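In this note's numbering, the protein residues as written are 122 to 790. Glycine is no exception: its CB is placed at the ideal position from the N, C-alpha and C atoms. Predicted model, so just to flag it, every value in this text is computed and none were measured.
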């Protein structure tokens with residue numbers, strides 16, 4: 122796909138700015154340049170006590186970046202962050218110092234201390250996998266209190282209540298890594314900035330990699346992540362582990378800075394609570410806001426000391442203020458300003474020819490309507506990009522075979538022997554009254570619910586007991602009735618969030634900055650942009666999805682599903698919530714994508730006219746089993762279906778002609 126690597130602003134990729142050079146892009150923004158300049162100038166020009174105060178903030182900024190991953194990306198929470206950070210700080214001091222310590226080399230002591238902090242958080246993730254959020258809060262609170270009652274009182278670790286070990290002060294001179302003398306506070310300030318820069322480079326690369334987008338998708342909705350091939354449990358554990366690792370790194374740096382262990386009273390449960398102000402104000406995605414917030418917590422008390430204003434008061438004000446901004450935080454607002462500076466006002470950015478849509482009162486079918494705003498050549502190029510991105514077309518006759526599925530919820534029999542076949546390359550509709558079992562059947566087929574009896578085969582392979590994310594890797598992706606896009610992110614990030622399972626590169630390669638890995642991300646971006654153009658949402662590529670209309674969100678979710686690399690696409694009521702014209706256009710788009718890409722499609726929809734007008738085959742579900750199946754004309758003419766579901770006053774049913782469309786293989790009813 123190397124031929125697609127052209128300059129932005131050419132061909133079908135006009136307007137696409139690649140994220141495959143994330144560090145250069147991040148550092149090139151005006152906000153980053155200003156922040157970098159201020160940090161350097163602070164160390165060169167400010168008084169010693171101010172340099173000392175900002176240096177103390179840098180380890181906490183690294184801790185805050187871990188909280189951003191945990192709370193902003195993965196949408197989890199921890200009230201043990203202060204305890205974990207302090208544990209790493211105290212253990213490093215004890216392991217490294219010669220007097221009353223272990224005298225280990227600083228690098229060995231650092232690795233052990235970081236491992237301890239990482240183990241704490243990974244253990245939390247493993248212990249709380251199935252707990253509701255309220256119990257996770259209690260569990261993390263319990264870890265914090267346990268650390269306070271076990272590690273903090275130990276004299277040789279923290280100094281205990283006496284400030285030392287048996288009255289003797291715990292002194293550990295600053296180490297000299299690579300021969301660098303860190304005794305001076307200004308020297309240590311720039312040394313700490315170097316640590317922060319390394320962490321930022323790695324986190325920026327992680328955030329822009331498929332794994333970083335997978336964290337955000339998982340945090341937004343676990344079912345949506347699983348449908349895209351992202352294992353939610355694994356990424357949840359990774360989020361806690363990474364937060365623990367960064368807490369350990371920050372703790373080690375803090376221990377190097379303080380030649381004697383800081384009083385443990387400053388790292389109690391109240392501090393853990395107030396540290397939440399960092400990710401709350403930063404929002405989902407702003408690392409710069411994390412640094413600014415950490416600096417605010419440590420520099421402002423120094424500047425306001427004359428008025429006896431404490432750090433806890435400043436943090437509590439920030440926590441309350443940040444909550445008013447919601448999940449986007451102040452960082453999200455700043456990103457909106459940067460987007461306006463870069464691209465102009467949204468009204469000007471998205472001014473374009475509107476997509477042509479069908480009107481339902483017209484007697485002609487929906488599938489034939491022309492809803493594309495692309496030229497034939499542009500459409501052909503977009504389809505070629507997607508065809509190369511998708512896995513090879515399957516050779517098996519059936520994309521999906523669900524046989525004799527049975528499932529009950531107590532006395533309610535949701536499925537009573539339903540059987541559905543989806544032939545390769547066909548568009549199959551599933552209709553029926555409310556409570557017929559359509560959603561349950563969809564959940565069973567996609568792996569979110571395990572049936573009590575029956576089998577599910579995907580391209581000839583039995584996947585009845587296979588997890589939903591592994592089914593996605595086998596070529597099946599689904600959308601949901603309620604759109605599950607991430608409103609805080611751009612359309613481009615949402616769409617590329619489906620690429621994690623399809624990008625053939627390890628996360629370590631992205632962290633190392635290997636060009637081959639970032640080239641694969643560029644392929645994913647181009648596939649996503651091609652899907653966005655086919656679905657007429659490409660001009661929203663850099664727009665925050667939360668600001669878009671409902672129809673655009675629907676199309677963005679479908680584009681994301683295409684980037685996940687399906688050969689079988691399951692669509693759960695794609696027209697739900699849309700007006701008639703938008704519904705018509707939506708089905709027309711789906712039909713054209715199905716035809717041009719050779720996708721097999723199973724679609725659940727209450728909009729009966731669109732299903733009968735667009736699908737090759739239709740199943741009618743009633744009371745948990747298949748009432749009827751066949752081509753649309755057969756379903757429209759079926760008297761039992763009319764009596765139990767369609768009714769007899771739908772005049773347009775008479776317009777269906779019995780064209781020789783291949784019928785589904787015989788399925789049990």
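Going along the chain, which residues of its own chain have a beta-carbon closer than 6 Å to the beta-carbon of residue 129, five neighbours each way excluded?
Annotation note: pLDDT 47 at residue 129 (below 50); position unreliable, no value reported.
When we look at the beta-carbon of residue 468 and count the other beta-carbons within 10 Å, is it buried (16 or more) or exposed?
Note that residue 468 scores 47 on pLDDT, short of 50, meaning its location in the model is unreliable and no value can be drawn from it.
Start and end of the alpha helix (DSSP H) containing residue 558?
No alpha helix (DSSP H) contains residue 558, which DSSP labels as neither H nor E.
Which residues in the same chain have their Cβ closer than 6 Å to the Cβ of residue 601, if we skip the five residues on either side of it in sequence?
Correct list, in chain order: 693.
Given that a residue counts as buried once 16 or more other Cβ atoms are within 10 Å of its Cβ, and exposed if not, what is residue 270?
exposed
Does DSSP put residue 530 in a helix, a strand or coil?
strand
Contact between the segment 704-717 and the segment 524-538 is defined here as three or more beta-carbon pairs at a separation below 8 Å; is this criterion met?
no
Among residues of its own chain, excluding the 5 on either side of residue 398, which ones have a beta-carbon nearer than 8 Å to its beta-carbon?
414, 418, 436, 437, 439, 440 and 443
For residue 133, count neighbouring C-beta atoms within 10 Å of its own C-beta (all shown protein chains included) and say buried if the count is 16 or more, exposed if not.
buried
At the level of alpha carbons, what is the spacing between residue 190 and residue 673?
28 Å
When the Cα atoms are used, what is the spatial distance from residue 327 to residue 681?
20 Å
Measure the C-alpha to C-alpha separation of residue 140 and residue 731 and round it to an integer number of angstroms.
Straight through space, the alpha carbons of residue 731 and residue 140 are spaced by roughly 38 Å.
I need the straight-line Cα distance from residue 348 to residue 573, nearest angstrom please.
Per the coordinates, the alpha-carbon of residue 348 lies some 21 Å from the alpha-carbon of residue 573.
For the ligand HEM, is there any heavy atom lying closer than 7 Å to the beta carbon of residue 656?
What this structure holds is no ligand at all, so the ligand HEM is not there to describe.
Does DSSP put residue 429 in a helix, a strand or coil?
coil
Run through the segment 398-423 for me and flag every whole alpha helix (DSSP H) of 4 or more residues, listed as ranges in chain order.
398-403
Please state whether DSSP places residue 579 in a helix, a strand or coil.
Secondary structure at residue 579: strand, using DSSP grouped into helix, strand and coil.
Taking 8 Å as the cut-off, decide whether the C-beta atoms of residue 275 and residue 208 are in contact.
no
Is residue 122 buried or exposed, if buried means 16 or more other CB atoms sit within 10 Å of its CB?
With a pLDDT of 37 at residue 122, under the threshold of 50, the predicted position of this residue should be treated as unreliable, though the coordinate-derived value follows. Residue 122 comes out exposed.
Looking at the strands, I want to know which residues DSSP matches up with residue 537.
527
Give the DSSP-derived three-state secondary structure of residue 543 in the structure shown.
strand
Please classify residue 461 as buried or exposed, where buried requires at least 16 neighbouring CB atoms within 10 angstroms.
Under this definition residue 461 is an exposed residue.
Could you tell me whether the Cβ atoms of residue 247 and residue 358 are closer together than 8 Å?
yes
Reducing DSSP to helix, strand and coil, say where residue 707 ends up.
Collapsing the DSSP output to three states places residue 707 in a helix.
For residue 277, which residues from the same chain have a beta carbon less than 8 Å from its beta carbon, with the 5 sequence-adjacent residues on both sides left out?
215, 221, 222, 286 and 291
Spatial neighbours of residue 392 within its chain, please: CB distance less than 7 Å, with the 5 preceding and 5 following residues excluded, ordered by chain position.
203
Between 635, 260 and 306, which has its C-alpha nearest residue 176's C-alpha?
306
Between which two residues does the beta strand (DSSP E) holding residue 598 run?
597-599
Grouping DSSP H, G and I as helix and E and B as strand, with all else coil, what is residue 484?
Any reading at residue 484 must be qualified, since the residue scores a pLDDT of 27, below 50, and its modelled position is unreliable; the value itself is stated next. Coil at residue 484, not helix or strand.
Enumerated in chain order, which unbroken segments of the alpha helix (DSSP H) with a length of 4 residues or greater are wholly contained in the segment 705-770?
729-735 and 753-758
State the Cα-Cα distance for the pair residue 570 and residue 677, rounded to the nearest angstrom.
26 Å
Find the nearest neighbour of residue 261 within the set 197, 159, 407 and 562, judged by alpha-carbon distance.
In terms of CA proximity to residue 261, 197 leads the group 197, 159, 407 and 562.
If we count the other Cβ atoms within 10 Å of its Cβ and call it buried at 16 or more, is residue 143 buried or exposed?
The residue is buried, with at least 16 neighbouring Cβ atoms inside 10 Å.
Please state the DSSP three-state secondary structure of residue 477.
Since pLDDT at residue 477 reaches only 36, below the 50 mark, its modelled position is unreliable, and no value is offered.
Nearest to residue 200 by CA position, among 560, 422 and 257, is which residue?
257
Would you list the one or two residues that DSSP bridges to residue 627?
For residue 627, which the question treats as bridged, DSSP gives no partner whatsoever.
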